[in-house]
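Enquirer: Okay, handing you the structure first.
Number of protein chains: 2
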Amino acid sequence: MKLMNAKGVRDFPPEEKIIRQEIVDTLRETFEEYGFNPLETPVIERYDLLSSKYAGGDEILKETFKFKDQGKRELGLRYDLTVPFARFVGMNPNMKMPFKRYQIGRVYRDGPIKLGRYREFWQCDVDVVGSKNMMADAELLLITSDVFKKLGLKVVIKINNRKILDGIMESAGVSKSKWNNAILSMDKLEKQGKNEVMKELKQKGISNDSIAKIFGMIQKKKTNKKTISNLKLFLKKGIGKEGLEEIEELLKYVKNVEFDPSLARGLAYYTGPVYEVFTKGIGSAITAGGRYDNMIGEFLGKGKYPATGISFGLELITDVMKSSAKKKSVTKVYVIPIKTPNESLKIAQELRKAGIKTDLDIVGKGISKNLDFANSQGIPYILFVGQKELAKKKVKLRDMKSGKERLISVKEAIKKLK
Amino acid sequence: MKLMNAKGVRDFPPEEKIIRQEIVDTLRETFEEYGFNPLETPVIERYDLLSSKYAGGDEILKETFKFKDQGKRELGLRYDLTVPFARFVGMNPNMKMPFKRYQIGRVYRDGPIKLGRYREFWQCDVDVVGSKNMMADAELLLITSDVFKKLGLKVVIKINNRKILDGIMESAGVSKSKWNNAILSMDKLEKQGKNEVMKELKQKGISNDSIAKIFGMIQKKKTNKKTISNLKLFLKKGIGKEGLEEIEELLKYVKNVEFDPSLARGLAYYTGPVYEVFTKGIGSAITAGGRYDNMIGEFLGKGKYPATGISFGLELITDVMKSSAKKKSVTKVYVIPIKTPNESLKIAQELRKAGIKTDLDIVGKGISKNLDFANSQGIPYILFVGQKELAKKKVKLRDMKSGKERLISVKEAIKKLK
């Protein structure tokens, strides 16, 4: 047997898992600061759920891992966290609204492997169900801004509104049956450029005049205010009004976001504000979302469930962070016993009790091998515990960066390391 | 379509996920305090790995979810975290030893559903590879003790050693070919009682004389010291000596554990110390492990990988904790805007920046509906933001438990809530 991973899935050794955990911890902390609560749903779902109307659709179903249990029930691995969330909402009719939940977990797609595309990857979703209010959308944008500030990542948060896009299509004289299709082309603007998108719109039967009008309306000006003014000039009277009001309300709550009337998002189910987050060096959005007031109700076949949510792309965010933050070990200090196993273990216990992440030679290596080990792991401090020093109630603390050593008490060492 | 979960898997709504997260956080924090680093491996593995010799064995393979990807490759869902860990070790030959890793994640068994048995459940494993030293085992026991102290759970940690069990069998005159089988019967002592186990041993062809000797040797006395002395009286000269020395060394490093020479653990691959943790009201061990010096090497077909590890049972620990700690929401304070959406959002932002978990009415409910909502979620504080109070630069903070209200500044509210 050759030892290898299944195709398209990965191991994350400590130096990668540590960064992933730091990002997930930041997300979780921020979500909870905004009063969102954690939800967990299983990785395995019934196939009839995953394949039902208004769920992920045919394209995603082709990429769904499918199998049977012992009882011959058809099952699948979840391809997103939204469909299971909708199921959960439907199964808990007495749930208090609004329901603010976050969920961080693995999802699966049995698709072709390309750069940055995997068969197992993580989604980090935060959603509110049960509020039509723009304050719900505002909170998601504030969360987004907080998260990237905490991660030290410069980003641009772009917002738009599906109702504005509809208004642009209507004002440009595009027939209603073509709106959705045209909007899907607009979504490619960032990646493929204006010329390609114009060509595609033409192929979809949009007239030159309409295309010119569309591109007149989606112009980004120097400020959000000016972008809105330009758009208002072109939009036919009353058309897209609701979308504009929503954008103006959102901009009142949230500063540092960019209104971009060309922003479309690929998915058909959005009904109001949409958001995408970009950072230097990565063409795709690293975080994205929007309002989907009809989807859950349609999916469940009953009830009204206005909802809005945003999904953080752990794989892409990790890729951006990786270069800066690679750490091989969580350990702060490595204790080297010099013929003092019992005393060293006791000292290690004191450090741990103080919350200091402490490793200890549990093999009985020599001093130089121990130094090599600590060095290879990037551990910043070493504590030597020798019999001579112990007799004086001291230990030797070495700063691995500067090479400086200090003979101090355990208490002082704890103070220094905290 | 009827909305339901796949058989044997569960949703965890916030009130359950919050406790699970608290337990997992405690485990993770403690593992890291001891210098263990996180590892992540995929849920999907190649079926030839899961089914290979020295992996989980036939019984477990019958319960393995099996399927194919688009390329017709045979895959399975992992049934434990140990086999993937062994694969990871084998695929990383240049790894620095000892390798101390922890891994917390979901595993799958397509077996019969009984009370407390699920098809998707979590394992929380902490293992060291590359150290034969008893200090490695000592650290695992210290971690175990710390974890349950932090969780506020009274437990008994029992230890034994496979070499001692072998020595007991040998001294009792059991023929070597029957040792493993007899030890498997001994493992049932806690659950089925002495009489049942004696009957089983008889059925396995162990003589009455041998059985009497075995039960003479495994007696637990009032102290570990006395248990050891009793055992030494019965053990034939030199037999089981190594196991006893290991136990005595362990007991030097770790106090509050109970040496129980009857403790066996069901799995065949243990080679040295074994540990089990019990708590009131639950018959099975809620945490267990031991040393397995040969398993990884045999599995990989090469090399020596002395290893020891312990696995915390999240499902059982959660069951014990549940009754005490059910919380519906992580939220500390709920902000109710009284015609002050914009100001309220700003105040909520201040609280969040201070790290206080803050929820906010984002629907625009009336005051009494908001109070009902906060009450139903068990949120301990409410902050009213009214125009009159704002004019005086004050807000009203209500303690939901005592019903007391105070008119204070936002700064004072933050101080109070922190």
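If you read the sequences in order, they're chains A and B. Sequential numbering from 910 applies to the first sequence in the numbering used here. Sequential numbering from 910 applies to the second sequence in the numbering used here. Ideal Cβ positions, reconstructed from N, Cα and C, are used throughout, including at glycine.
1) Going by C-alpha distance, which of A/Ile1148, A/Val1037 and A/Leu1050 is nearest A/Gly1082?
2) Kindly say whether A/Val992, judged by its beta-carbon, lies nearer than 8 Å to any beta-carbon of chain B.
3) Please go through the same chain and pick out, in chain order, the residues whose beta-carbon is closer than 8 Å to the beta-carbon of B/Ser1285, but skip the five residues on each side of it.
4) Can a CB atom of chain A be found closer than 8 Å to the CB of B/Thr1267?
5) Give a yes or no on whether the minimum CB-CB distance between A/Tyr943 and chain B is below 8 Å.
6) Tell me whether A/Pro993 is buried or exposed, calling it buried when 16 or more other Cβ atoms sit within 10 Å of its Cβ.
7) To be precise: take each residue of the stretch 1008-1019 of chain A, compare its Cβ to all Cβ atoms of chain B, and keep it if any distance is under 8 Å. Which residues remain?
8) From what residue to what residue does the beta strand (DSSP E) around B/Pro1170 run?
9) What residues in its chain sit with their C-beta under 7 Å from that of B/Gly1222, if we drop five residues either side in the sequence?
10) As a quick exercise: from B/Glu1252, B/Lys1097, B/Lys1213 and B/Gly1264, pick the residue whose alpha carbon is nearest that of B/Phe1293.
11) If we ignore side chains and look at the alpha-carbon of each, how far apart do B/Glu1298 and B/Asp1019 end up?
12) Looking at the secondary structure, which residues open and close the alpha helix (DSSP H) in which B/Arg1261 lies?
13) Helix, strand or coil: how does DSSP classify A/Val918 here?
14) DSSP three-state call for A/Ala1283: helix, strand or coil?
15) Between the stretch 1228-1253 of chain A and chain B, which residues of the former have CB atoms less than 7 Å from a CB of the latter, in chain order?
16) Taking A/Tyr1184 as the query, report the chain B residues whose CB atoms sit under 7 Å from its CB, ordered along the chain.
17) For A/Leu1172, tell me which candidate among A/Asn1070, A/Glu949 and A/Met1006 has the shortest Cα-Cα distance.
18) Find out if the Cβ-Cβ distance for the pair A/Val1016, A/Asp989 is shorter than 8 Å.
19) Does the stretch 1205-1224 of chain B come close enough to the stretch 1038-1054 of chain B that 3 or more CB-CB pairs lie under 8 Å?
20) When the Cα of B/Val1166 is compared with those of B/Ile928, B/Leu936, B/Lys1063 and B/Gly1275, which residue comes out closest?
21) Give me the chain A residues within the contact set of B/Asp920, using Cβ-Cβ distance strictly less than 9 Å, ordered along the chain.
22) Would you say B/Ile1271 faces chain A, with C-beta separation under 8 Å as the test?
23) Step through the CB atoms of chain A and report whether any lies within less than 8 Å of the CB of B/Ile1323.
24) Would you please verify whether the beta carbon of B/Ile927 is less than 8 Å from any beta carbon of chain A?
25) Exposed or buried, B/Met913, counting other C-beta atoms within 10 Å across all chains shown (16 or more means buried)?
26) Within 10 angstroms of the Cβ of B/Asp1118, are there 16 or more other Cβ atoms? Answer buried if so, exposed if not.
27) Of all the residues that make up the stretch 968-979 of chain A, which are near chain B by a beta-carbon distance shorter than 9 Å?
28) Per DSSP, what kind of secondary structure is B/Ser1094 in: helix, strand or coil?
29) With a threshold of 6 Å on Cβ separation, who are the neighbours of B/Ala1283 within its own chain once the five nearest residues in sequence on each side are excluded?
30) Under three-state DSSP, which class holds B/Ser1119?
31) Given 8 Å as the limit, is there contact between the stretch 1052-1066 of chain A and the stretch 948-967 of chain A, that is, 3 or more CB pairs closer than that?
32) Out of B/Gly1198, B/Leu958 and B/Arg1174, point me to the one whose CA is closest to B/Val1037's CA.
33) How many whole angstroms separate the CB atoms of A/Ala1257 and A/Thr1267, which I take to be in contact at a CB cut-off of 8 Å?
34) Do the CB positions of A/Met1126 and A/Pro1170 come within less than 8 Å of each other?
35) Please name the residue in A/Phe1030, A/Ile1247 and A/Met1006 whose C-alpha comes closest to that of A/Gly1275.
36) Does the separation of the CB atoms of A/Glu1314 and A/Leu1306 fall below 8 Å?
Expert: In brief:
1) Selected option, being the one with the closest Cα: A/Ile1148.
2) A/Val992 has a beta carbon lying at 8 Å or more from every beta carbon in chain B.
3) Residues Lys1237 of the same chain have their beta carbon placed closer than 8 Å to that of B/Ser1285, with the five preceding and five following residues left out of the count.
4) Among the residues facing chain A, B/Thr1267 is included, as its CB has a counterpart in that chain under 8 Å away.
5) Chain B, which has a Cβ nearer than 8 Å to the Cβ of A/Tyr943, makes this yes.
6) That one is buried.
7) The residues in question are Lys1009, Arg1010, Arg1015, Tyr1017 and Asp1019.
8) For B/Pro1170, no beta strand (DSSP E) run applies, since DSSP gives it neither H nor E.
9) Only Ile1195 and Thr1196 meet the Cβ criterion.
10) Residue B/Glu1252 is the option with its Cα nearest to B/Phe1293.
11) When rounded, the distance between both Cα atoms is 60 Å.
12) In the DSSP annotation of this structure, the continuous segment of the alpha helix (DSSP H) that includes B/Arg1261 starts and ends at Pro1250 to Lys1262.
13) Three-state DSSP puts A/Val918 in coil, outside helix and strand.
14) In the structure shown, the three-state DSSP call for A/Ala1283 is helix.
15) Taking 7 Å as the upper bound on Cβ-Cβ separation, chain B lies near residues Ser1238, Val1239, Thr1240, Pro1250 and Asn1251 of the stretch 1228-1253 of chain A.
16) Near A/Tyr1184 there are no residues of chain B at all, since even the closest Cβ is about 16 Å away, more than 7 Å.
17) Scanning A/Asn1070, A/Glu949 and A/Met1006 for the CA closest to the CA of A/Leu1172 turns up A/Asn1070.
18) Contact: yes.
19) Yes: the two stretches touch, three or more of their Cβ pairs being nearer than 8 Å.
20) Checking every option, the nearest Cα to that of B/Val1166 belongs to B/Lys1063.
21) Close to B/Asp920, with beta-carbon spacing below 9 Å, are these residues of chain A in chain order: Leu948, Glu949, Thr950, Pro951, Pro993, Arg996, Phe997, Met1000 and Asn1001.
22) Chain A contact via Cβ: present.
23) No, because no Cβ of chain A sits closer than 8 Å to the Cβ of B/Ile1323.
24) Chain A contact via Cβ: present.
25) Under this definition B/Met913 is an exposed residue.
26) Exposed is the call here.
27) Residues of the stretch 968-979 of chain A with a Cβ closer than 9 Å to any Cβ of chain B, in chain order: Lys971, Glu972, Phe974, Lys975, Phe976, Lys977, Asp978 and Gln979.
28) The three-state reading of DSSP puts B/Ser1094 in helix, counting H, G and I together.
29) Same-chain partners within the cutoff: Tyr1243 and Ile1291.
30) Three-state DSSP puts B/Ser1119 in a helix.
31) No, the stretch 1052-1066 of chain A does not touch the stretch 948-967 of chain A.
32) Looking at the Cα atoms, B/Gly1198 is the closest of the given residues.
33) That belief holds up - the Cβ atoms of A/Ala1257 and A/Thr1267 are roughly 5 Å apart, short of 8 Å.
34) Yes, they are a contact pair.
35) Taking each of A/Phe1030, A/Ile1247 and A/Met1006 in turn and checking the Cα distance to A/Gly1275, the smallest one comes out for A/Ile1247.
36) Closer than 8 Å, so yes.
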